[in-house]
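**Student:**
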Amino acid sequence: MIRVDGVTVVYRERAALRDVSLTVEPGERVAIIGPNGAGKSTLLRVIAGLLRPTTGTVELAGDRVDRLERLAVARRLAVVPQLPVLPFATTVEEVVALGRLPHEHPIRGMRPGDRAAVAAAIERVGVGHLLGRDARELSLGERQLVLLAMAVAQAAPVLVLDEPTVHLDLRHQVEVMDLVGDLNARDGTTILAVLHDLGLAAHFFERLILLDRGRVIADGTPAEVLAPARIREVFGVDPSFVRLGV
Amino acid sequence: MAAFTRFRARGVDVHPIHFGGGGRAVPLIFALAVALAACTGAGSAAPTPAPTLAPALTAAPTAVATATPAPAFPITITDDEGTVVTIAAEPQRVVSLTPAATETLFAIGAGDRVVAKVEDISPYPPEADSLPIVATYQGVDIEQVVALRADLVIAGGLGFTPPNAVNQLRSLGIPVVVLYAESIDEALAGIRTIGMVSGKATTAVDLSTAMQAEIDRLSALTAGLDRPRTFYEIDATSEIYTVPADSLYAELLVLAGADPITTDASYQISLEQLITANPSVILLGDGGYTTAADVGSRPGWSGIQAVIDGNIAVVDDTLITRPGPRLVDGLRALIRALHPEVRL
Amino acid sequence: MPSRSRILVARPGLRSGASLARRPLVVAAIGVAFLLAALVAGIAAGSVAIAPSETLGILARRLLGLDIAPTWTAAAETIVIDLRLPRVLTAMVVGGGLAVAGAAFQGLLRNPLADPYVLGTASGAALGASIAVLIPVRTLILQFGLLHALAFLGALGAVTVVYRLSRVGATAPMTSLLLTGYAVGSLLAAGLAMAMYLSGTGLRQIFAYLLGGFEASSWIRLAVAAPLIGLASLAILLRARSLNGMLLGEEAAAHLGVDVRRERAILLALASLATAASVAISGLIGFVGLVAPHVVRLLVGPNARLVLPLAALLGASLMVGADLVARLLGEIPVGVVTAVIGAPFFLALLRRAHAGYEL
Numbered sequence: 001m002i003r004v005d006g007v008t009v010v011y012r013e014r015a016a017l018r019d020v021s022l023t024v025e026p027g028e029r030v031a032i033i034g035p036n037g038a039g040k041s042t043l044l045r046v047i048a049g050l051l052r053p054t055t056g057t058v059e060l061a062g063d064r065v066d067r068l069e070r071l072a073v074a075r076r077l078a079v080v081p082q083l084p085v086l087p088f089a090t091t092v093e094e095v096v097a098l099g100r101l102p103h104e105h106p107i108r109g110m111r112p113g114d115r116a117a118v119a120a121a122i123e124r125v126g127v128g129h130l131l132g133r134d135a136r137e138l139s140l141g142e143r144q145l146v147l148l149a150m151a152v153a154q155a156a157p158v159l160v161l162d163e164p165t166v167h168l169d170l171r172h173q174v175e176v177m178d179l180v181g182d183l184n185a186r187d188g189t190t191i192l193a194v195l196h197d198l199g200l201a202a203h204f205f206e207r208l209i210l211l212d213r214g215r216v217i218a219d220g221t222p223a224e225v226l227a228p229a230r231i232r233e234v235f236g237v238d239p240s241f242v243r244l245g246v
Numbered sequence: 247m248a249a250f251t252r253f254r255a256r257g258v259d260v261h262p263i264h265f266g267g268g269g270r271a272v273p274l275i276f277a278l279a280v281a282l283a284a285c286t287g288a289g290s291a292a293p294t295p296a297p298t299l300a301p302a303l304t305a306a307p308t309a310v311a312t313a314t315p316a317p318a319f320p321i322t323i324t325d326d327e328g329t330v331v332t333i334a335a336e337p338q339r340v341v342s343l344t345p346a347a348t349e350t351l352f353a354i355g356a357g358d359r360v361v362a363k364v365e366d367i368s369p370y371p372p373e374a375d376s377l378p379i380v381a382t383y384q385g386v387d388i389e390q391v392v393a394l395r396a397d398l399v400i401a402g403g404l405g406f407t408p409p410n411a412v413n414q415l416r417s418l419g420i421p422v423v424v425l426y427a428e429s430i431d432e433a434l435a436g437i438r439t440i441g442m443v444s445g446k447a448t449t450a451v452d453l454s455t456a457m458q459a460e461i462d463r464l465s466a467l468t469a470g471l472d473r474p475r476t477f478y479e480i481d482a483t484s485e486i487y488t489v490p491a492d493s494l495y496a497e498l499l500v501l502a503g504a505d506p507i508t509t510d511a512s513y514q515i516s517l518e519q520l521i522t523a524n525p526s527v528i529l530l531g532d533g534g535y536t537t538a539a540d541v542g543s544r545p546g547w548s549g550i551q552a553v554i555d556g557n558i559a560v561v562d563d564t565l566i567t568r569p570g571p572r573l574v575d576g577l578r579a580l581i582r583a584l585h586p587e588v589r590l
Numbered sequence: 591m592p593s594r595s596r597i598l599v600a601r602p603g604l605r606s607g608a609s610l611a612r613r614p615l616v617v618a619a620i621g622v623a624f625l626l627a628a629l630v631a632g633i634a635a636g637s638v639a640i641a642p643s644e645t646l647g648i649l650a651r652r653l654l655g656l657d658i659a660p661t662w663t664a665a666a667e668t669i670v671i672d673l674r675l676p677r678v679l680t681a682m683v684v685g686g687g688l689a690v691a692g693a694a695f696q697g698l699l700r701n702p703l704a705d706p707y708v709l710g711t712a713s714g715a716a717l718g719a720s721i722a723v724l725i726p727v728r729t730l731i732l733q734f735g736l737l738h739a740l741a742f743l744g745a746l747g748a749v750t751v752v753y754r755l756s757r758v759g760a761t762a763p764m765t766s767l768l769l770t771g772y773a774v775g776s777l778l779a780a781g782l783a784m785a786m787y788l789s790g791t792g793l794r795q796i797f798a799y800l801l802g803g804f805e806a807s808s809w810i811r812l813a814v815a816a817p818l819i820g821l822a823s824l825a826i827l828l829r830a831r832s833l834n835g836m837l838l839g840e841e842a843a844a845h846l847g848v849d850v851r852r853e854r855a856i857l858l859a860l861a862s863l864a865t866a867a868s869v870a871i872s873g874l875i876g877f878v879g880l881v882a883p884h885v886v887r888l889l890v891g892p893n894a895r896l897v898l899p900l901a902a903l904l905g906a907s908l909m910v911g912a913d914l915v916a917r918l919l920g921e922i923p924v925g926v927v928t929a930v931i932g933a934p935f936f937l938a939l940l941r942r943a944h945a946g947y948e949l
């Protein structure tokens, strides 16, 4: 469970977040949307404990995140990172295995349970056909899936995704979103995703939080949040909705 | 760097950094006193003190008569770097790491006990030619020194023998005496020290006394003569190198009847300074690398008085800088070059 | 060295679609064999010929305490026990320490071209050593002189300055560290040039230090430096988890549970300590700290739990081997040997690594 209470973040004389409050219950599937510079990524970093808010608190499962050790945070919350640059040749398994860092023995490393979790994550996300490959040589979509597998291996009750579909083609976008939905439905993983694609957000998420210039403008179902007037006002765009066949 | 390499290559014992060797007389006197005390204290029935200070006028090793001399070892001396060195027994296997020490050891009759030497570009004496070489400009072969069971090493100060090597030998229990000389007094004291540590103290003292007497005699011959302004060239391939003011070189040049152009501890002098000093005599210590004719053709040198008059002579640099028994020969060579009219 | 080229050929190239080979046990076995061979060769060879049977006898008698009647001279025993053995062991410790430090820097800076000297440690040590040569103090404490002390302090001082200068707010981002390291290193190198210019006869000593060597090794120096290097390396090894976390970058590392600020400071300090102690006793020897972890990573992957100990093993063997070669070629500086062998080898590695896919 995530609770954000009155968080304001002032960063380089600019208020990135203003008095943001929200609560995410276990098992929810939430998308954070908004125009560029709205503060979406900042909000994620505050929730993950990477950024200390100027005012306000964040709680993860009842504990204040700024008082938790990084390892404790990592066991409660897994973040699928943006595509990083790998400096060395790293196999797909090795990347996914990194997800076990908060669980493995600090000195001896992975235990049989950890190895099983890695195998399960690879299977679950469906990247088994990429085993043994250098992660640097994969396509963007494949790499994103591998990172997702890593986050799955981390086995945290909350899964956070920051623009996971930015570099992906349509097929991989749907693949990632389907997976995320599956993790939520079958494992009860709480999902928190920052998305720029309103269509994806509306289709795959039951709850949307709309941010604009650091404030929460709307918080509710897609139908509630994506009112045409609001879209016009926040995004500056005249929306037209196309209803696709089921 | 090239100039200094050449210094070494020609066997010149150059010591560019002046570490203030003025205080060396004190430790030497102290060492002699200790030696004296040790000799008398070592106690036998012989009441006469060890004859280390008996004056003699010859340099040849002579047997000293009267009573059986009290044993000279063990002795403790302070070397030129201020390190206190104890030599337990009379050394039988001496390693010489400076060309000057090699010459001295042979001159005082300890040559048969020298087991190895440093590489010498101007080797002397011929009896030392067959000795194995355990040190070059690169460094000292410690393993060889150990394999030769050396019981005394004489090393060169001011970095001539790498300090690391000196420390390592000492840590293996081999006594190392580090010597260097920046004046005639220091050179003679070094000879006496070598004599003391190799068990030939008397002979060494005789030698140094004789050398001092000859030096005094030679300098008296030039005392009243005109002193030509003299430039002693150590090297001039890139920078110009000449003698520092407080060096053995300068002292010898003065005693040989010259008014030497001197510089500071860097050994360097600019061409402008040289032209301004306008020497009337140029002595080439780098005669192996240049000739009198070459000097004249160097740009900017043609206006110097010595070049105009053709007063350029080559001298054997080794004799002048090596603080060993042939130092007197060096003085003679200088006088011959500066005042050929003097009958030596 | 034939074994190494065998490994290179056997390893599948990094071509698209090919599987990356990871054989840690094989590499470990080969590494141990290498090290033992290098140690044996290092003790057996020198400017004085000592029969292998005598060498073994000396070692058995002095190290194992076996009661063997000596068939060798006391001089031979001194050479083996007091000259060759500490020298070879010092090379081993320094090689291992530099390799571990190099691996740590490569992991922290996420740059396979980083080496232990990347943050100015080399320049700082060199400047410290050259200043020491200018000062005519000759006292030794435990056979460490002013040169060792100032080299050590210079190395640590340089890294501290680089770290402080590269701080942006409360963190010192890695690119900032690299760039500051370069700038400070250049400044220190200028200072070194000045000191060398002023040094006179000391120039020879400074050069000898810069090019590195193990001639002056002794048991006492080893006894002081080895625990320092060993403990620092061990402490880095125990933090392999943090190094692994850094693979995907600092933010991802934080998400995986690494206290990035703390771990980075600790790892930098430990790696700098191992490097400073190594350069203090053996001068600036390059390439081992760069090549050893790099080669190991190509063979077993980037897992720091494997890379750190195996790089230590390889680095130790390389250093002992290089010292042996230097000795046999007439005591040329070890740094020259590692450069002459390391540079072309490294170029070959780069070419193979980049064949087959675009950057």
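Residue numbers (the numbering used here), protein chains in the order written: chain A, 1 to 246; chain B, 247 to 590; chain C, 591 to 949. Built from N, CA and C at the ideal position, the CB exists for glycine as well.
1. With 16 other CB atoms within 10 Å as the buried threshold, where does residue 342/B fall?
2. Taking only the alpha-carbon atoms, compute the straight-line gap between residue 806/C and residue 414/B and give it to the nearest angstrom.
3. Give me the Cα-Cα distance between residue 732/C and residue 433/B, rounded to the nearest whole angstrom.
4. Taking a cut of 7 Å between CB atoms, which residues from the stretch 891–914 of chain C lie near chain A?
5. Going along the chain, which unbroken runs of the alpha helix (DSSP H) with 4 or more residues stay wholly within the stretch 679–728 of chain C?
6. Per DSSP, what are the beta-bridge partners of residue 487/B in this structure?
7. Using a Cβ-Cβ cut-off of less than 9 Å, list which residues of the stretch 663–677 of chain C approach chain B; keep chain order.
8. Three-state secondary structure (DSSP) at residue 935/C?
9. Determine, using beta carbons only, whether residue 107/A comes closer than 8 Å to chain C.
10. Does the distance from the C-beta atom of residue 833/C to that of residue 697/C stay below 8 Å?
11. Along chain B, which residues have their Cβ under 8 Å away from the Cβ of residue 684/C?
12. Among 709/C, 870/C, 647/C, which one has its Cα closest to the Cα of residue 655/C?
13. Spell out whether any CB of chain B is found under 8 Å from the CB atom of residue 806/C.
14. Can you tell me which of 442/B, 587/B, 329/B puts its alpha carbon nearest to the alpha carbon of residue 730/C?
15. By the criterion of Cβ-Cβ separation under 8 Å, what are the contact partners of residue 481/B in chain C?
16. I'd like to check one pair, residue 561/B with residue 531/B: are the Cβ atoms closer than 8 Å?
17. Just the Cα atoms here: how many angstroms apart are residue 133/A and residue 92/A?
18. Classify residue 946/C as buried or exposed, calling it buried when 16 or more other Cβ atoms lie within 10 Å of its own Cβ.
19. With H, G and I counted as helix, E and B as strand and the rest as coil, what does DSSP make of residue 506/B?
20. Given a threshold of 16 other Cβ atoms within 10 Å of its Cβ, counted over all protein chains shown, does residue 893/C qualify as buried or as exposed?
21. Let me make sure I understand the geometry here. Which of 526/B, 363/B, 324/B has the alpha-carbon closest to that of residue 474/B?
22. Quick one, are the C-beta atoms of residue 770/C and residue 756/C less than 8 Å apart?
23. Counting contacts by CB-CB distance shorter than 8 Å, is residue 560/B in contact with chain D?
24. Between residue 882/C and residue 710/C, how many whole angstroms is the CB-CB distance? I'm expecting something under 8 Å.
25. Who are the neighbours of residue 794/C on chain B, taking C-beta pairs under 7 Å?
26. In terms of alpha-carbon separation, which member of 229/A, 48/A, 205/A lies closest to residue 33/A?
27. Would you please verify whether the beta carbon of residue 358/B is less than 8 Å from any beta carbon of chain C?
28. Where does the unbroken beta strand (DSSP E) through residue 381/B begin, and where does it stop?
29. Helix, strand or coil for residue 588/B? Go by DSSP, reduced to three states.
30. Taking the CB atoms as reference points, tell me whether residue 449/B and residue 357/B lie closer together than 8 Å.
31. Would you be able to state if there are at least three C-beta pairs under 8 Å between the stretch 817–832 of chain C and the stretch 45–58 of chain A?
32. In this structure, does DSSP put residue 311/B in helix, strand or coil?
33. Please list the terminal residues of the continuous alpha helix (DSSP H) segment that includes residue 40/A.
34. Start and end of the alpha helix (DSSP H) containing residue 468/B?
35. Compile a chain-ordered list of the residues in the stretch 695–710 of chain C whose CB is closer than 9 Å to at least one CB of chain A.
36. I need the boundaries of the alpha helix (DSSP H) containing residue 771/C, first residue and last residue.
**Tutor:** This is what the structure gives:
1. Position 96 of the second sequence, counted from the first residue, corresponds to residue 342/B. With 16 or more Cβ atoms within 10 Å of its Cβ, residue 342/B is classed as buried.
2. Working through the third sequence from its first residue, we reach residue 806/C at position 216. Working through the second sequence from its first residue, we reach residue 414/B at position 168. Going from the Cα of residue 806/C to the Cα of residue 414/B covers about 7 Å.
3. The count along the third sequence starts at 1 and reaches residue 732/C at position 142. The count along the second sequence starts at 1 and reaches residue 433/B at position 187. Those two C-alpha atoms are separated by around 33 Å.
4. 891, 892, 893, 895
5. 711–724
6. Residue numbering aside, residue 487/B sits at position 241 when the second sequence is read from its first letter. Paired residues: 481/B, 514/B.
7. 663, 664, 665, 666, 668, 669, 672, 673, 674
8. For the purposes of this step, residue 935/C is taken as the residue at position 345 of the third sequence. Residue state, collapsed to three classes: helix.
9. Taking the first sequence and counting its residues from 1, the one referred to as residue 107/A is at position 107. Answer yes: the Cβ-Cβ gap between residue 107/A and chain C drops below 8 Å somewhere.
10. Here residue 833/C is taken as the residue at index 243 of the third sequence, counted from 1. Here residue 697/C is taken as the residue at index 107 of the third sequence, counted from 1. It is a contact, given that the beta carbons lie within the stated cut-off.
11. Looking up residue 684/C in the third sequence gives position 94. Within 8 Å Cβ-Cβ: nothing; residue 684/C doesn't reach chain B, min ~16 Å.
12. On the third sequence, position 65 is the one that residue 655/C refers to. Out of 709/C, 870/C, 647/C, 647/C has the C-alpha closest to the C-alpha of residue 655/C.
13. Here residue 806/C corresponds to residue number 216 of the third sequence, with the count starting at 1. So yes, residue 806/C belongs to the interface.
14. Taking the third sequence and counting its residues from 1, the one referred to as residue 730/C is at position 140. The shortest Cα separation from residue 730/C among 442/B, 587/B, 329/B belongs to 329/B.
15. Here residue 481/B is taken as the residue at index 235 of the second sequence, counted from 1. Simply none; closest approach about 15 Å.
16. Stepping through the second sequence from its first residue, residue 531/B is reached at position 285. Stepping through the second sequence from its first residue, residue 561/B is reached at position 315. Yes.
17. Here residue 133/A is taken as the residue at index 133 of the first sequence, counted from 1. Here residue 92/A is taken as the residue at index 92 of the first sequence, counted from 1. One C-alpha to the other measures close to 6 Å.
18. As a position in the third sequence, residue 946/C is number 356, starting the count at 1. Summary for residue 946/C: the model assigns pLDDT 42, below 50, so the residue's position carries little reliability; its value from the coordinates is reported in the next sentence. Counting Cβ neighbours within 10 Å, residue 946/C comes out exposed, since fewer than 16 surround it.
19. If you number the second sequence from 1, residue 506/B lands on position 260. In the structure shown, residue 506/B sits in a strand (DSSP, three-state: E or B).
20. For this step, residue 893/C is matched to residue 303 along the third sequence. Result: buried.
21. For the purposes of this step, residue 474/B is taken as residue 228 along the second sequence, with counting starting at 1. Residue 526/B is the option with its Cα nearest to residue 474/B.
22. In the third sequence, residue 770/C corresponds to position 180, counting from 1. In the third sequence, residue 756/C corresponds to position 166, counting from 1. Yes.
23. Absent from the structure is chain D; the protein chains it does hold are A, B and C.
24. For the purposes of this step, residue 882/C is identified with residue 292 of the third sequence, where counting begins at 1. For the purposes of this step, residue 710/C is identified with residue 120 of the third sequence, where counting begins at 1. Incorrect: roughly 21 Å between the Cβ atoms, too far for contact.
25. On the third sequence, position 204 is the one that residue 794/C refers to. Within 7 Å Cβ-Cβ: 405.
26. Indexing the first sequence from 1 puts residue 33/A at position 33. Comparing Cα-Cα distances from residue 33/A to each of 229/A, 48/A, 205/A, the minimum goes to 205/A.
27. On the second sequence, position 112 is the one that residue 358/B refers to. Judged by the 8 Å Cβ criterion, residue 358/B is not in contact with chain C.
28. Within the second sequence, numbered from 1, the residue matching residue 381/B stands at position 135. Element bounds for residue 381/B: 379–382.
29. Sequence index remark: in the second sequence, residue 588/B carries index 342 (1-based). Three-state DSSP puts residue 588/B in coil, outside helix and strand.
30. Numbered from its first residue, the second sequence carries residue 449/B at position 203. Numbered from its first residue, the second sequence carries residue 357/B at position 111. Not a contact, by the Cβ cut-off of 8 Å.
31. no
32. Along the second sequence, one-based indexing puts residue 311/B at 65. Caution is warranted here: a pLDDT of 49 is assigned to residue 311/B, below 50, making its placement in the model unreliable, and no coordinate value can be reported.
33. Here residue 40/A refers to the residue found at position 40 of the first sequence. It spans 40–47 - the alpha helix (DSSP H) in which residue 40/A sits, taken as one unbroken run.
34. Your numbering for residue 468/B matches position 222 in the second sequence. 447–468 is the extent of the alpha helix (DSSP H) around residue 468/B.
35. 696, 697, 699, 700, 701, 702
36. Position 181 of the third sequence, counted from the start, is the residue given in the question as residue 771/C. Here the alpha helix (DSSP H) through residue 771/C covers 764–788.
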